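Protein sequence lines, in the order shown, are assigned to chains A and B. In this text, residue positions in the first sequence follow the working numbering: the first is 895, and each later residue adds one. In this text, residue positions in the second sequence follow the working numbering: the first is 895, and each later residue adds one.
Number of protein chains: 2
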Amino acid sequence: MASPPSNRKENTKNRIIEAAKALFAEQGYLKTTIADISRQAGLSEAALYEYFQGKEALLLTIPDLWVSELIKDLERQLFGIKGAENKLRKYLWWYFRRVEEAPLDAKIVYLFLKTNANFMQTEVYSNVKLLYAYLLEIFEEGKRTGEMRPDLDPRIARNIFIGTMEHIITLWLLRNRAYSLFENLEETFDLMMGAFKRKPTGPSRFQ
Amino acid sequence: MASPPSNRKENTKNRIIEAAKALFAEQGYLKTTIADISRQAGLSEAALYEYFQGKEALLLTIPDLWVSELIKDLERQLFGIKGAENKLRKYLWWYFRRVEEAPLDAKIVYLFLKTNANFMQTEVYSNVKLLYAYLLEIFEEGKRTGEMRPDLDPRIARNIFIGTMEHIITLWLLRNRAYSLFENLEETFDLMMGAFKRKPTGPSRFQ
DNA sequence: GAAATTTCTGAATGTTATTCGGAAATGTAG
DNA sequence: CTACATTTCCGAATAACATTCAGAAATTTC
């Protein structure tokens, strides 16, 4: 019963998800009908309800899968990287690359999810929190090792970091990804780091 | 015909807007029905269509009014303030205060608007752009006067500034405004400014 | 106070999401 | 291969909405 998740079933489910993802991302949640999705997936509207509880559950499934995957990947990516700044850099480049590779998922997460009245209660949200909690740890490490300013508040630094990230991504999505997400990324990163890093006490001053 | 916008009509229109604002902000756009809105406003569903083309037009009217008002106020607020840092500080505090005063409008702008497939084509969007264009000018002024780093890219600085602002506001809205928006604002501002401002060349170095 | 205009309403209409009853397809066991 | 059980599917209801329509009530105009 639980063991072999019959390939047939899995396949159909995936077809539905892919169809929904494309349509939601293209026309928005409201303008996409169940009829649209089931037609694109090649089955009847009624059949779709064998796989998902309803339209909203279907919407939530998409980012749920994506973010779960991200969580699994994140630790692996950061493993073995030394230093808070290097970790932050890796985090940013890694995340942007994942967004560029899965723009439909990103669009649903960034443009449609927050709309949802009970977004805060979803599985997705708690996974997003995990993704962001990692940043807190990195800033704390940076303070401990002296790489970051001793008076840095990790939550504030995280707000700046995430806020900037999300803003760049949202703009890019709203503008239909007409340019590369990585444009000016180096400069943006350096500018933020300038705020976080400990000021090098010039060799001669203060001693 | 165009001159006296009969008070009766204006009043009803406002009642509808207030009802819609409260309901959208509380239950979200999807779960709010025209029946809900018209009941709360004290008229029939059909009558509502005398005032608005439809549900979506009604949604867009709300931020449209709010953002237009902000635009009108912004210049007045910044008038007479000297220096880029002082202007940025005023901008941030002014904007947060306006958000705190009109959290329902803010919620609609931040959580429901971007969902809209043709948000980019709306009046609201071009007004939001105006609001943000102001920041560019301020950063440019800062560079000219030497208050900001000479190598600062104003668009990047603006991304960081707006991204941080929007992130703090969005979190606050999603958490039902359970705390003050101004918590840690001073520290956040200072941290960002640290990135933007020109490094003070210590009195003795370089001469 | 009658005619014109504005503002309103109850009853259609049309679109969608969702459910229901059972048919077709697939799998299982003898 | 055949009978039976299970899975997967569909066409036809049902129900919840947004929106429109035809005309009634209220208000304004002259």
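All C-beta atoms, glycine included, are put in the ideal place defined by N, C-alpha and C. Quick caveat, the model's predicted, so the values are computed rather than measured.
Please state if the CB of residue 917 (chain B) and the CB of residue 990 (chain B) are separated by a distance shorter than 7 Å.
By one-based count along the second sequence, residue 990 (chain B) stands at place 96. By one-based count along the second sequence, residue 917 (chain B) stands at place 23. Not a contact, by the Cβ cut-off of 7 Å.
Rounded to the nearest angstrom, what separates residue 1065 (chain A) and residue 1037 (chain B) at their Cα positions?
Residue numbering aside, residue 1065 (chain A) sits at position 171 when the first sequence is read from its first letter. Residue numbering aside, residue 1037 (chain B) sits at position 143 when the second sequence is read from its first letter. The straight-line gap from Cα to Cα measures roughly 25 Å.
What three-state label does DSSP hand residue 907 (chain A) in the structure shown?
One-based indexing of the first sequence puts residue 907 (chain A) at position 13. In this structure, residue 907 (chain A) counts as helix in the three-state DSSP scheme.
Residue 896 (chain A) classed as buried or exposed, judged by whether at least 16 other C-beta atoms fall within 10 angstroms
Here the question's residue 896 (chain A) lines up with position 2 in the first sequence. Interpretation of residue 896 (chain A) is limited by its pLDDT of 35, a score under 50 that renders its predicted location unreliable; the figure taken from the coordinates is listed afterwards. When all chains shown are included, residue 896 (chain A) counts as exposed.
Residue 999 (chain B) beta carbon near the ligand NAP (any heavy atom closer than 6 Å):
This structure does not include the ligand NAP; it has no bound ligands of any sort.
Just the chain A side, please: which residues come within less than 8 Å of residue 1005 (chain B) by C-beta, in chain order?
Along the second sequence, one-based indexing puts residue 1005 (chain B) at 111. Those within 8 Å of residue 1005 (chain B) in chain A are 1008 and 1009.
Any beta carbon from chain B within less than 7 Å of residue 964 (chain A)'s own beta carbon?
Numbered from its first residue, the first sequence carries residue 964 (chain A) at position 70. With 7 Å as the cut-off, residue 964 (chain A) does not count as an interface residue toward chain B.
Measure the beta-carbon distance from residue 1014 (chain B) to residue 1068 (chain A) and round it to whole angstroms, keeping in mind my assumption that it falls under 8 Å.
As a position in the second sequence, residue 1014 (chain B) is number 120, starting the count at 1. As a position in the first sequence, residue 1068 (chain A) is number 174, starting the count at 1. Your pair residue 1014 (chain B) and residue 1068 (chain A) checks out as a contact, with CB atoms roughly 6 Å apart and the cut at 8 Å.
Quick check on residue 1012 (chain B): buried or exposed, where buried means 16 or more other Cβ atoms within 10 Å of its Cβ?
On the second sequence, position 118 is the one that residue 1012 (chain B) refers to. Counting Cβ neighbours within 10 Å, residue 1012 (chain B) comes out exposed, since fewer than 16 surround it.
Cβ of residue 1068 (chain A) less than 7 Å from any chain B Cβ?
Along the first sequence, one-based indexing puts residue 1068 (chain A) at 174. Cβ-Cβ to chain B under 7 Å: yes for residue 1068 (chain A).
Reduced DSSP secondary structure (H/G/I, E/B, other) of residue 981 (chain A):
Locating residue 981 (chain A) in the first sequence gives position 87, counting from the first residue. Correct three-state label for residue 981 (chain A): helix.
Contact list for the region 908-932 of chain A against chain B, Cβ threshold 8 Å:
921, 922, 923, 924 and 925
Suppose contacts are defined by Cβ-Cβ distances below 7 Å. Is residue 901 (chain B) in contact with residue 961 (chain B) by that definition?
Residue 901 (chain B) sits at position 7 when you count from the first residue of the second sequence. Residue 961 (chain B) sits at position 67 when you count from the first residue of the second sequence. Taking 7 Å as the Cβ cut-off, residue 901 (chain B) and residue 961 (chain B) do not qualify as a contacting pair.
Determine the chain A residues that contact residue 1060 (chain B) at a beta-carbon separation under 7 Å, and present them in chain order.
As a first step, residue 1060 (chain B) is located in the second sequence; it is residue number 166 there, counting from the start. Under the 7 Å cutoff, chain A gives 1057 and 1061.
Just to confirm my understanding: we take residue 935 (chain B), look at its own chain, exclude 5 residues before and 5 after, and list those with CB closer than 6 Å. What are they?
Locating residue 935 (chain B) in the second sequence gives position 41, counting from the first residue. So the list reads 909, 910 and 913, once near-sequence residues are dropped.
According to the neighbour-count rule (16 or more other Cβ atoms, all chains shown, within 10 Å of its Cβ), is residue 985 (chain B) buried or exposed?
Counting from 1 along the second sequence, the entry for residue 985 (chain B) is found at position 91. Classification of residue 985 (chain B): buried, given that the 10 Å Cβ count is 16 or more.
From residue 1008 (chain A) to residue 1006 (chain B), what distance separates their C-alpha atoms?
Against the first sequence, residue 1008 (chain A) aligns to sequence position 114. Against the second sequence, residue 1006 (chain B) aligns to sequence position 112. Whole-angstrom Cα-Cα distance: 8 Å.
Is the region 946-958 of chain B touching the region 968-976 of chain B, taking contact as three or more C-beta pairs under 8 Å?
Contact between the region 946-958 of chain B and the region 968-976 of chain B is absent: fewer than three C-beta pairs spanning the two stretches fall below 8 Å.
Please go through the region 993-1019 of chain A and give each complete alpha helix (DSSP H) segment of 4 or more residues, from N-terminal end onward.
If only uninterrupted alpha helix (DSSP H) runs of at least 4 residues are considered, those enclosed by the region 993-1019 of chain A are 997-1001.
Can you tell me the Cα-Cα spacing of residue 1079 (chain B) and residue 943 (chain A), whole angstroms?
As a first step, residue 1079 (chain B) must be located in the second sequence, where it is residue number 185. As a first step, residue 943 (chain A) must be located in the first sequence, where it is residue number 49. Roughly 47 Å separates the two Cα atoms.
Using the C-alpha atoms, what's the distance from residue 946 (chain B) back to residue 992 (chain B)?
As a first step, residue 992 (chain B) must be located in the second sequence, where it is residue number 98. As a first step, residue 946 (chain B) must be located in the second sequence, where it is residue number 52. Distance between the alpha carbons of residue 992 (chain B) and residue 946 (chain B): 26 Å.
Quick check: what's the CA-CA separation for residue 931 (chain A) versus residue 920 (chain A)?
Numbered from its first residue, the first sequence carries residue 931 (chain A) at position 37. Numbered from its first residue, the first sequence carries residue 920 (chain A) at position 26. Distance between the alpha carbons of residue 931 (chain A) and residue 920 (chain A): 12 Å.
Using a Cβ cut-off of 8 Å, which residues of the region 1018-1041 of chain A contact any Cβ in chain B, in chain order?
none
Helix, strand or coil for residue 976 (chain B) per DSSP?
The residue you call residue 976 (chain B) lines up with position 82 of the second sequence. Correct three-state label for residue 976 (chain B): coil.
Cα-Cα separation, residue 907 (chain A) to residue 979 (chain B)
Your numbering for residue 907 (chain A) matches position 13 in the first sequence. Your numbering for residue 979 (chain B) matches position 85 in the second sequence. About 54 Å.
For residue 1082 (chain A) and residue 996 (chain B), I'd like the C-alpha separation in whole angstroms.
Taking the first residue of the first sequence as 1, we reach residue 1082 (chain A) at position 188. Taking the first residue of the second sequence as 1, we reach residue 996 (chain B) at position 102. Going from the Cα of residue 1082 (chain A) to the Cα of residue 996 (chain B) covers about 32 Å.
Any chain A beta carbon closer than 7 Å to residue 944 (chain B)
Locating residue 944 (chain B) in the second sequence gives position 50, counting from the first residue. Chain A contact via Cβ: absent.
Taking 7 Å as the threshold (beta carbon to beta carbon), is residue 982 (chain A) in contact with chain B?
Numbered from 1 along the first sequence, position 88 holds the residue referred to as residue 982 (chain A). Chain B contact via Cβ: absent.
Using the C-alpha atoms, what's the distance from residue 928 (chain A) back to residue 1104 (chain B)?
As shown, chain B starts at 895 and ends at 1101. That puts residue 1104 (chain B) outside it, with no answer to give.
Let me confirm a value: residue 925 (chain A) is counted as buried when at least 16 other C-beta atoms fall within 10 Å, else exposed. Which label applies?
Locating residue 925 (chain A) in the first sequence gives position 31, counting from the first residue. It is exposed - the Cβ of residue 925 (chain A) has fewer than 16 other Cβ atoms within 10 Å.
Fully enclosed by the region 1016-1074 of chain B, which alpha helix (DSSP H) runs are 4 residues long or longer?
The region 1016-1074 of chain B contains these whole alpha helix (DSSP H) runs: 1017-1039 and 1048-1068.
So with CB distances below 8 Å, who are the chain B contacts of residue 1088 (chain A)?
As a position in the first sequence, residue 1088 (chain A) is number 194, starting the count at 1. Chain-order list of chain B residues neighbouring residue 1088 (chain A): 1088 and 1089, by C-beta distance under 8 Å.
Where does residue 1102 (chain A) sit, in a helix, a strand or coil, going by DSSP?
The structure shown does not extend to residue 1102 (chain A), since chain A spans only 895 to 1101, so no value can be given for it.
Within-7 Å CB hit, residue 1050 (chain B) to chain A
One-based indexing of the second sequence puts residue 1050 (chain B) at position 156. True, the Cβ-Cβ gap to chain A drops below 7 Å.
Determine the direct distance from the alpha carbon of residue 905 (chain A) to that of residue 1052 (chain B), and round the result to whole angstroms.
Along the second sequence, one-based indexing puts residue 1052 (chain B) at 158. Along the first sequence, one-based indexing puts residue 905 (chain A) at 11. Their backbone Cα atoms lie some 45 Å apart in a straight line.
Just to confirm, is the Cβ distance from residue 965 (chain B) to residue 1030 (chain B) under 7 Å?
Working through the second sequence from its first residue, we reach residue 965 (chain B) at position 71. Working through the second sequence from its first residue, we reach residue 1030 (chain B) at position 136. Contact flag unset, no.
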